[in-house]
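As numbered in UniProt numbering, residues 1 to 447 make up the sequence shown, in order.
Beneath this line is the structure, given in structure tokens, with notes to follow.
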Amino acid sequence: MSEFTKSSTASTGDSSKDDSKLSLTEQARLAKIQEAVLRARLLREKKDTSSHKFWDTQPVARDALQDDISKQLEAATIKDEKKTTGYIKEQTVEEIRKEPYPLPAGFEWCVLDVNNEEQLDMMYNLLNRNYVEDDDNMFRFDYSRDFLKWAVCPPGYKVDLHLAVRAQKTGKLFGVITAIPQAMIVDGVKVEMVEINFLCVHKKLRSKRLAPVLIKEITRRVNLTGVFSAVYTAGVVLPGSIGCARYYHRSIQFKKLVEVGFTRVPNNQTMATAVKLNRVPAQPITKGFRAMEERDVVGAHKLLMDYLVSFKVYPALTVDEFRHWILPKDKVVNSYVSTSADGTVENLCSFYHLPSSCVKHPTHSHIYAAYSYYNVATTVPLKQLMNDCLGQAKAEGQDVFNALNVMENDKFLHDLRFGMGDGNLNYYLYNWHSPDVQPEEIGLVLL
Ligand SMILES: CC(C)(COP(=O)(O)OP(=O)(O)OC[C@H]1O[C@@H](n2cnc3c(N)ncnc32)[C@H](O)[C@@H]1OP(=O)(O)O)[C@@H](O)C(=O)NCCC(=O)NCCS
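Written out as structure tokens, the structure is:
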């Protein structure tokens, strides 16, 4: 899942207040200092040693247990592979509990077939009213129905893993969690995993320990398919984090973002200056830049996988999975390529659409946000490709373009006037031990 973050007051592309007056060297120095402060903060947060009634019982890496785990790994699990990665707890399907975990009286398990409009509506409505909000409860993610279908139905998906809790009497949904299959490469080792997403408990049932039951039940179901590890992201700090990234925001419709309270006009700028500074190119500069098509799939897949191999954590996408995730889908995902004369895909950029409801605003119902997805530039600077991508996001009606500081995104964030968001996104592995990774070592974007 994504974490909802807003432009922080400390530094935003929009509040590039003094930045425009600084020399390039000074700007780079400022960016480095901000990064160092952020890293120190993340380290402190990661060292959070508070007790977790549920998570302390789960096979996830904890700082306190790190030594034990390393010893176990050296002693047993992977002798011929790298010793930094492996299962934390070895299990077989036979050992897995056959019965579902019990729910509180009045509730029952069900699965959601999102290809059934009524069931898709139920999932959409639960999330639309109860899913992730920013710290000030001004915005709430509003994943569209088409997006949800796309997100939970990649090749090989199982309806049994679109899990929900409903009231026995009324059938009303009170909780949801999903798992989709995705092999991952972690520190050079391929692992069959699932991606966990859309964990949500109805506001009326919060703090009653329903989330741990949802997590245990999805884990049981996944384990019964012979998969024992998972990857997920969350804004909150929990045991099992392997790395932490930061969201950055690039205003596109600056005035609207100020009106809804997503960002503010920097002290030393007028609205007009800020609007001007946040202009994006009307036409792409990259020669041959165009929307990706079916004929590009095989070449673009190769381009991406050859690129991702340099990261410590990334998805081992098959061609079919790549086609599902990257080929354009209206108001869900956009992707663009440019090719050589013989049709070889040389550059690829993409973003997905995740609007948020403006919970309290009298006139603006939504902020339309594009989220940077997978980008590879081989014949033009990444900055140029992403600037073209910003232009396309605007043409697609987006108000803001968000990007994590993963992969090589640092190469364009500052120069393209992205500003740091006010929250982190932690990356987690369940039952797979991994060395800690820096944001620039992460080659994975979860929805
Ligand atoms: C996240 C959410 C499902 C947790 O439910 P809750 O009713 O607040 O908490 P519960 O009493 O059921 O469970 C608490 C346990 O869940 C854990 N938990 C909370 N948020 C979690 C998350 N995002 N991922 C995994 N575990 C989480 C807590 O750490 C706690 O376990 P611990 O005692 O070991 O620390 C709920 O707050 C919610 O729906 N929030 C809005 C949507 C959201 O943020 N989803 C998560 C996206 S990553």
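We treat Cβ as the ideally placed atom computed from N, Cα and C, and that holds for glycine.
- Setting aside the 5 residues that flank it on each side, Lys216 is surrounded in the same chain by Tyr101, each with a C-beta closer than 8 Å to its C-beta; the list follows chain order.
- Any heavy atom of ligand 1 within less than 6 Å of a residue's beta carbon puts that residue on the list, which reads Met1, His52, Lys53, Phe54, Trp55, Asn130, Tyr131, Val132, Leu199, Cys200, Val201, Arg206, Ser207, Lys208, Arg209, Leu210, Ala211, Pro212, Ala234, Val236, Leu238.
- C-alpha of Tyr336 to C-alpha of Asn347: approximately 8 Å in a straight line.
- In this structure, Leu214 places its C-beta atom within 8 Å of the C-beta atom of Gly175.
- Rounded to whole angstroms, the separation of the alpha carbons of Leu413 and Asn267 is 21 Å.
- Annotation note: the stretch 322 to 408 contains the following uninterrupted beta strand (DSSP E) runs of length 3 or greater, listed N- to C-terminal: 333 to 339, 345 to 353, 356 to 358, 369 to 372, 400 to 404.
- Residue burial is scored here from C-beta neighbours: Asn405 has at least 16 other C-beta atoms within 10 angstroms and is therefore classed as buried.
- Contact between the stretch 177 to 195 and the stretch 124 to 139 is absent: fewer than 3 CB-CB pairs across the two stretches fall below 8 Å.
- For the beta strand (DSSP E) assignment, the uninterrupted runs of no fewer than 3 residues enclosed by the stretch 76 to 127 are, from N- to C-terminal side, 107 to 111.
- Comparing C-alpha distances from Gln119 to each of Thr219, Ala164, Ala393 shows the shortest one belongs to Ala164.
- According to the DSSP assignment, Tyr427 belongs to the beta strand (DSSP E) that extends over 419 to 430.
- The stretch 293 to 311 makes no contact with the stretch 427 to 435: fewer than 3 CB pairs, one atom from each, lie closer than 8 Å.
- Counting the other Cβ atoms within 10 Å of the Cβ of Gly86 gives 16 or more, which makes it buried.
- Within a 10 Å sphere around the beta-carbon of Pro104 sit fewer than 16 other beta-carbons, which makes this residue exposed.
- Counting of Cβ neighbours within 10 angstroms places Ala272 among the exposed residues, the total staying below 16.
- Here the C-alpha atom of Thr379 lies approximately 28 Å from the C-alpha atom of Met420.
- Leu444 and Val258 have their alpha carbons spaced roughly 31 Å apart.
- The Cβ-Cβ distance between Asp399 and Ile252 falls below 8 Å.
- Ranked by how close their Cα comes to the Cα of Ser207, the residues Glu3, Lys149, Phe54 have Phe54 in first place.
- C-alpha of Arg246 to C-alpha of Phe401: approximately 14 Å in a straight line.
- Following the DSSP letters along the chain, one finds Arg145 inside the alpha helix (DSSP H) bounded by residues 145 to 152.
- Ranked by Cα distance from Ala395, the options Pro381, Ala369, Tyr373, Glu408 are led by Ala369.
- In the assembly as shown, Ala234 is a buried residue. Its beta-carbon has 16 or more other beta-carbons within 10 Å.
- Following the DSSP letters along the chain, one finds Asn197 inside the beta strand (DSSP E) bounded by residues 194 to 201.
- The three-state secondary structure of Ala245, taken from DSSP, is strand.
- Phe139 has Cys358 as its beta-bridge partners, per DSSP.
- Shortest Cα-Cα distance from Ala282 to any of Tyr232, Gln392, Val297 involves Gln392.
- Relative to the Cα of Glu94, the nearest Cα in the group Gln269, Arg221, Tyr371 belongs to Arg221.
- A direct Cα-Cα distance of roughly 22 Å separates Arg62 from Glu192.
- Under the three-state reduction of DSSP, Phe174 is assigned to strand.
- Arg290 carries a strand assignment under DSSP once its states are collapsed to helix, strand and coil.
- Leu304: member of the alpha helix (DSSP H) spanning 297 to 308, first to last residue.
- One Cα belongs to Leu416, the other to Thr318, and the distance between them is close to 32 Å.
- The closest CA to that of Arg140, considering only Val345, His366, Leu446, Ala211, is found on His366.
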